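See below for the structure under consideration.
Chains as they are written, first to last, in my numbering: chain R, 299 to 903; chain F, 299 to 903.
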């Protein structure tokens, strides 16, 4: 294989493997580890590692033994003690959503072309596909959605007889590693197949989906289910027929239920044709407004997939209030590994810190699953930027155990991937740990998002989304900036439980990183350290660039210890990141200087 | 034929026509007009119409008689007297540049797909192609460039044996109407054909182009020549080899000279990778800086094609200073019929007024030709918006006689096309005459350009090009807006002759429509009518919308007199124009209000 390193030792996966238990045995053999495996199907994903006079033993479900084997091997490779004890994942559903199109392109993909599709058909690169399934299983991911949630017309055919045999073939290959497949479907698909409506309450529509489900499961009995983006950004959905999202989701859920299938239904529903003049509509309120009242109305095989924040994967958002309600509904939190707004796998941005903050606000037991938009593709390191692998690795581990130490996870990944130790290990770990804060400093100031170039979303454009229809406004003028989302403003704050309302209500106590998300403030507003708001914006951006350069200097010290190809890929991107950081700093500072007329105290503008 | 009306009576052009004189006879026969034709080859494009006892007579060159026939028929159809007298075109070269790609798409095209190309090959729609050649000849256009100046790799093959037979076939069809073909070529083409350099001073390169020219003219002896965009917006050019544009153009000119071919060389050369922080570089100065000193260095079969303004077809620009220098060089002025920045054939924008203003500043005899970027395509009325036909019609007439009355030309077109008379004729003529000023009022304020959405260039984005690399900055801040281009600023003004310097130097006397092109002024600056600059911006935009609505009301009165399909096409676009005008007004006013903090005196914001 001609790939850059990842956290697993390179190995061709034998075609002969048939089950996760066989895969577990093979993984252990590969590394010459002797361990007894005991499969107890009722344990499912869970496993227990024990050590005794006869050696170590992994007992677990069919998938559990595979997860246990990986865990054991990870520890062994980095010299940690045998991880004895019982472990079960925090979330039963650990999903990775690919936004891959049948032509091989990937929406918001920064890691090369699609792993699954090529030129209108399924990929035939079985060694790579098996290696990918292995990679995902090693961090416990157990569901993969193959195709883009924005279902292109040709992708409807994934659930027709044209492509179902190929879905089945792929499902079998992935089942060896305990990974089940899911497909994104188009809510209006019956319309393309002779039904005159897609109304979820129409008998003909219900019959059509029942028959479709029967057909699908005849070919692919292991299919996890459907992922659906409905009534969102011009996708079809139940609103077109005056039906609720519960009625829409239940239509599909009832069709899939006889086969054990599930519907993963996205809550990313908002008005994407907003008039920017309208200051009453506030997009972050939309998911809650569309879904909160539907609690208890969904079939039990529906999983609502909610973005972690109320907007759309911006650099800094508070937790989505929707995650904190709907106690009678199965919920999954959606995060975005692919770095659409967070550096596009050019700039470094390690995400775990973000998830940790969200998880800290989530009571235990709130979620049934987590889903991540994939950051993988045909790139030689899987993820475009070699270090972006960490986000996939950390996502898998987070889905087992939220709020594991960010530092520990990062060190583990760096050790496994590059066999680093000592100072270089410390250097790489520190750089990654700081990368998110650095990126945030030179881009979005204090919780403002959307100051990006429209369309591709890389680089600054402070007014790029200000007069658009997407509901994305900072309302900056010569006096002030931000949107008041308290009860004096749009009232978004009231969607939170009291404790969070209290945290965010008062600008004087609101976390400063979210200050301009919740409040509209004049440029002269005094921050808690005595600096003005405008000075803080200037300072943050200057610091962001300075810290990027410092990070680059540190990364440079790794040139001798990283594989040459990895280092070159990393360094090439690091140089682009420095350019990007300078551009952000200069544009954002210039923009606010033009508006405010306030000079930088240190005269750097 | 299933097309909407145009200024010529519908007729299938017989395949049997072989020459312009035959075409002239056929045109006259079509309309049952008896006129003697006398071909005097030495008269070329000129003709004389006489009236005598034996009836009228058209004497002219081979093409002259055709132009004379059309002129006679125009007058006859609208009831004007016989246009007796001698006429010759003001410019020998009257060129139309198509930005058509071989796949059938048209860069900046708003009138459907390409007339010439379809799916990687030449169109086979001969009735349509002949009709197009006829249309062009009726207004005296005599050169057509087939393909996009941004030459895509596959379009290099137009001058290879693969496509030359097809170019020849098309050239023959167009020659019947006195229209010669031109092709856009890629300056670096030798590199694709085994020559290791494209350096114009390299023997191998010179030999390659000589051989290429011989090959081309073996197939297409009538070819007018090459159109070249070099060292411009990432196109290859002589600068890559440290050579001047004279050396670059002469390379091709010498190759074509033995065959009578010409090189039309664009002067649209500027730094498209400008740093927005750099306030010394001023893009409007670029064409002059790159070309003015080369006067006299070009071969006599080179024609320098200069945009009418110093920027790039913005709504309002002063005349390009380059047009006023280089007395020893053949020059052509380039205008843009396709409405890239002027409403995209949705909004009404009749252009002749703009050309008249430029022509008024151009001493007679300055130019050898005019070129227009085509606004035509496979649309049913040729031009997307039926009324956009007027711009093609008026361009042809302007090339014969600059500064003909805008009103007369517009009336003539409206009469010929829709047989209007009386109040409806007046209504349509008035609407078209005012359309440019109306569009200008609701879009770019007082000579500022570039406040458009990047990429597609329709609709407002006041900061869309402000932090870009394209050299397009208005530098608006909370105090002032515009760029000082006098000697106190960038010095652009000094590229003009003294009379024009005097006209533009002082804000107090500078034409107000160009005020912010030449000057940077505070929002409180007093205009000559006593209003402040900011109030004028507000007022203009309000008026622009109000006048658009008035124009729409007038157009509505034409519903009964225009053909139904025409009216529907027009009205559909009129509604979009109103929406667009409102969006421009609100965004531009909001933008300047946020910056300036100055309230509208009439409290409309």
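For glycine and all other residues, C-beta sits at the position ideal for the given N, C-alpha and C. Keep in mind it's a predicted model, so treat the numbers as computed, not measured.
- From the beta-carbon of residue 491/R, no residue of chain F is found nearer than 7 Å; the closest lies around 30 Å away.
- The beta carbon of residue 775/F falls within 7 Å of a beta carbon belonging to chain R, placing the residue at that interface.
- The alpha-carbon of residue 526/R is positioned some 15 Å away from that of residue 455/R.
- Taken in chain order, the members of the segment 886-900 of chain R whose beta-carbon sits within less than 9 Å of a beta-carbon on chain F are 888, 889, 891, 892, 893, 894, 895.
- Counting only Cβ-Cβ distances below 9 Å, residue 575/F has contacts in chain R at 884, 888, in chain order.
- DSSP, reduced to helix, strand and coil, places residue 801/F within a helical segment of the structure shown.
- The three-state secondary structure of residue 409/F, taken from DSSP, is coil.
- The distance from the Cβ of residue 893/F to that of residue 776/R is about 6 Å, consistent with a contact at the 8 Å cut-off.
- Nearest in C-alpha terms to residue 760/R, of all of 711/R, 845/R, 523/R, 891/R, is 891/R.
- At a cut-off of 7 Å between beta carbons, residue 761/F contacts chain R.
- Interface criterion met: the Cβ of residue 765/R is under 7 Å from a Cβ in chain F.
- If you draw a straight line from the Cα of residue 864/F to the Cα of residue 813/F, it comes to about 38 Å.
- Distances from the alpha-carbon of residue 419/R to those of 427/R, 402/R, 410/R, 781/R put 402/R closest.
- With fewer than three CB-CB distances shorter than 8 Å, the segment 655-670 of chain R does not count as touching the segment 835-843 of chain R.
- Check the Cα spacing between residue 640/F and each of 630/F, 501/F, 652/F: the tightest is with 652/F.
- For residue 563/F, the enclosing beta strand (DSSP E) starts and ends at 560-564.
- For residue 758/R, the C-beta contacts it makes with chain F under 9 Å involve 765, in order along the chain.
- Under the DSSP assignment, residue 603/R falls outside any alpha helix (DSSP H), being part of the beta strand (DSSP E) whose first and last residues are 600-605.
- In the three-state scheme derived from DSSP, where H, G and I count as helix and E and B as strand, residue 670/R is classed as strand.
- By the 16-neighbour rule on beta-carbons within 10 angstroms, residue 412/R is buried.
- In the displayed model, residue 388/R falls within coil according to three-state DSSP, outside both helix and strand.
- Of 389/R, 740/R, 860/R, the smallest CA-CA separation from residue 880/R is found for 740/R.
- Exposed is the label assigned to residue 425/R, since fewer than 16 other Cβ atoms lie within 10 Å of its Cβ.
- The three-state reading of DSSP puts residue 452/R in helix, counting H, G and I together.
- Per the coordinates, the alpha-carbon of residue 573/F lies some 16 Å from the alpha-carbon of residue 583/F.
- Taking residue 353/R as the centre and dropping the five residues before and after it, the same chain places the C-beta of 332, 333, 334 closer than 8 Å to its C-beta, in chain order.
- Under the three-state reduction of DSSP, residue 880/F is assigned to helix.
- The alpha-carbon separation between residue 559/R and residue 680/R amounts to approximately 29 Å.
- In this structure, DSSP gives residue 443/F an extended state, which the three-state scheme calls strand.
- Residue environment: residue 565/F is assigned as buried (16 or more neighbouring CB atoms within 10 Å of its CB, all protein chains considered).
- In this model, residue 605/F and residue 769/F are separated by some 16 Å (Cα to Cα).
- Here residue 543/F is buried. Its C-beta has 16 or more other C-beta atoms within 10 Å.
- The alpha-carbon separation between residue 432/F and residue 306/F amounts to approximately 9 Å.
- Distance from the CA atom of residue 607/R to the CA atom of residue 831/F, rounded to whole angstroms, is 43 Å.
- Residue ranges of uninterrupted beta strand (DSSP E) with 3 or more members, entirely inside the segment 623-650 of chain F and ordered along the chain, are 629-634.
- Bridge partners of residue 346/F according to DSSP: 357/F, 384/F.
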